[in-house]
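J.:
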Amino acid sequence: MAKDKDLVKESMTKLVSVFPNDVYILHNKYIIAGDKSEENTVGYYFCIFQNDVFMEWKKLYPDNPVIYIKSLRESKISREVEFITDASLIQSLEKKIETYVNETVNADKSWERFEFKDDMLEKIFTNNESVNLFSDKREIIISKTIFPLITAKTINNVYYTFGDIDSRGLNTLYIQYDHEYFQLNMKYFYLPL
Numbered sequence: 004m005a006k007d008k009d010l011v012k013e014s015m016t017k018l019v020s021v022f023p024n025d026v027y028i029l030h031n032k033y034i035i036a037g038d039k040s041e042e043n044t045v046g047y048y049f050c051i052f053q054n055d056v057f058m059e060w061k062k063l064y065p066d067n068p069v070i071y072i073k074s075l076r077e078s079k080i081s082r083e084v085e086f087i088t089d090a091s092l093i094q095s096l097e098k099k100i101e102t103y104v105n106e107t108v109n110a111d112k113s114w115e116r117f118e119f120k121d122d123m124l125e126k127i128f129t130n131n132e133s134v135n136l137f138s139d140k141r142e143i144i145i146s147k148t149i150f151p152l153i154t155a156k157t158i159n160n161v162y163y164t165f166g167d168i169d170s171r172g173l174n175t176l177y178i179q180y181d182h183e184y185f186q187l188n189m190k191y192f193y194l195p196l
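Take 4 as the starting number for the sequence shown in this note's numbering and just add one per residue.
(1) What did DSSP end up calling L152 once you bin it into helix, strand or coil?
(2) Could you tell me which of V26, I144 and L187 sits nearest to N174, measuring between CA atoms?
(3) Would you list the residues sitting across from L187 in a DSSP beta bridge?
(4) Rounded to whole angstroms, what's the CA-CA distance from L136 to R171? Just pull it up for me.
(5) Looking at the structure shown, is E115 part of a helix, part of a strand, or coil, going by DSSP?
(6) Looking only at C-alpha atoms, which of D38, E77, I168 and F119 sits nearest to L92?
(7) Cβ of T44 within 9 Å of Cβ of V21?
(8) Quick check on DSSP: helix, strand or coil for L136?
(9) Report the rounded CA-to-CA distance for P65 versus T164, giving the unit in angstroms.
(10) Are there 16 or more other CB atoms within 10 angstroms of the CB of L194, so buried, or fewer, so exposed?
(11) Between the Cα of F49 and those of T148, A36 and E59, spot the shortest distance and give me the residue it belongs to.
(12) Using only the alpha-carbon positions, how far apart do R82 and G46 sit?
(13) Where DSSP assigns a beta bridge to E142, which residues make up the other side?
(14) DSSP beta-bridge partners for E125?
(15) Going by the DSSP bridge assignment, what does F22 pair with across the sheet?
(16) Classify Y103 as helix, strand or coil using the three-state DSSP reduction.
(17) Quick check: is any heavy atom of the ligand COA less than 8 Å from the C-beta of L96?
(18) Let's see if you can read the secondary structure: which residues bound the beta strand (DSSP E) around I35?
In structure tokens:
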């Protein structure tokens, strides 16, 4: 990665595509949606900064376990952040991250690469249509809305796996994408078709 880049600003710029409003950054490494961002997304997202980006955040904010950014769009310019000191909120956020990490990064799951034919890519990324994908004896309806930051050129570097059907009868789909600045992890619930 180029040394002359402002990795903090660049990472914030890219995170706006994932989290439209507010975020929490835990230990300068893990990023999860704030309440407003969570209301405006179609799934549950969390990111893990790549090591060089993590080191830049750590240099900038060395002694703060949790940073709250009210607006990524504005803060990438102003660098306005809030340091969270409420122990119960910190504990709650850490538990949320632990759950997300255990469900995806640390999970003993078999991840598969998304593989789409050219006509399917055109439907998803050019025409904004949905396509049906069959995998592991499950049918998934795929559309652009479940792929923040992902394009037709990068889709072949995106992996997915399934979770168990939950008590509500919903399937769980996990998606993982290694972006230049962070690993993006997504969790979606959907009705079996």
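Here a beta-carbon is modelled for each residue, glycine too, at the ideal position from N, C-alpha and C.
T.: For this structure:
(1) What you label residue 152 is simply residue 149 of the sequence shown in a count that begins at 1. L152 falls in the coil class under three-state DSSP.
(2) Start at 1 with the first residue of the sequence shown, and residue 174 comes out as number 171. Of the candidates V26, I144 and L187, I144 places its Cα closest to the Cα of N174.
(3) As a position in the sequence shown, residue 187 is number 184, starting the count at 1. Answer is C50 and Y180.
(4) As a first step, residue 136 must be located in the sequence shown, where it is residue number 133. As a first step, residue 171 must be located in the sequence shown, where it is residue number 168. Computed Cα separation, rounded: 22 Å.
(5) Within the sequence shown, numbered from 1, the residue matching residue 115 stands at position 112. Strand.
(6) For the purposes of this step, residue 92 is taken as the residue at position 89 of the sequence shown. Residue D38 is the option with its Cα nearest to L92.
(7) In the sequence shown, residue 44 corresponds to position 41, counting from 1. In the sequence shown, residue 21 corresponds to position 18, counting from 1. Contact flag set, yes.
(8) Mapped onto the sequence shown, residue 136 falls at position 133. L136: strand per DSSP, three-state reduction.
(9) Position 62 of the sequence shown, counting from 1, holds the residue named residue 65. Position 161 of the sequence shown, counting from 1, holds the residue named residue 164. Taking the straight line from one Cα to the other gives about 35 Å.
(10) If you number the sequence shown from 1, residue 194 lands on position 191. That one is exposed.
(11) By one-based count along the sequence shown, residue 49 stands at place 46. Minimum Cα distance to F49 is reached at A36.
(12) Residue mapping note: residue 82 aligns to position 79 of the sequence shown, counting from 1. Residue mapping note: residue 46 aligns to position 43 of the sequence shown, counting from 1. Near 27 Å, if we compare the C-alpha coordinates of G46 and R82.
(13) Here residue 142 refers to the residue found at position 139 of the sequence shown. According to DSSP, which records beta bridges pairwise, E142 is partnered with F137.
(14) Counting from 1 along the sequence shown, the entry for residue 125 is found at position 122. Under DSSP, E125 forms no beta bridge with any residue.
(15) Counted from its first residue, the sequence shown places residue 22 at position 19. In DSSP, F22 forms no bridge with anything.
(16) By one-based count along the sequence shown, residue 103 stands at place 100. Helix at Y103.
(17) The model depicted lacks the ligand COA and carries no ligand whatsoever.
(18) Position 32 of the sequence shown, counting from 1, holds the residue named residue 35. Y33 to A36 is the extent of the beta strand (DSSP E) around I35.
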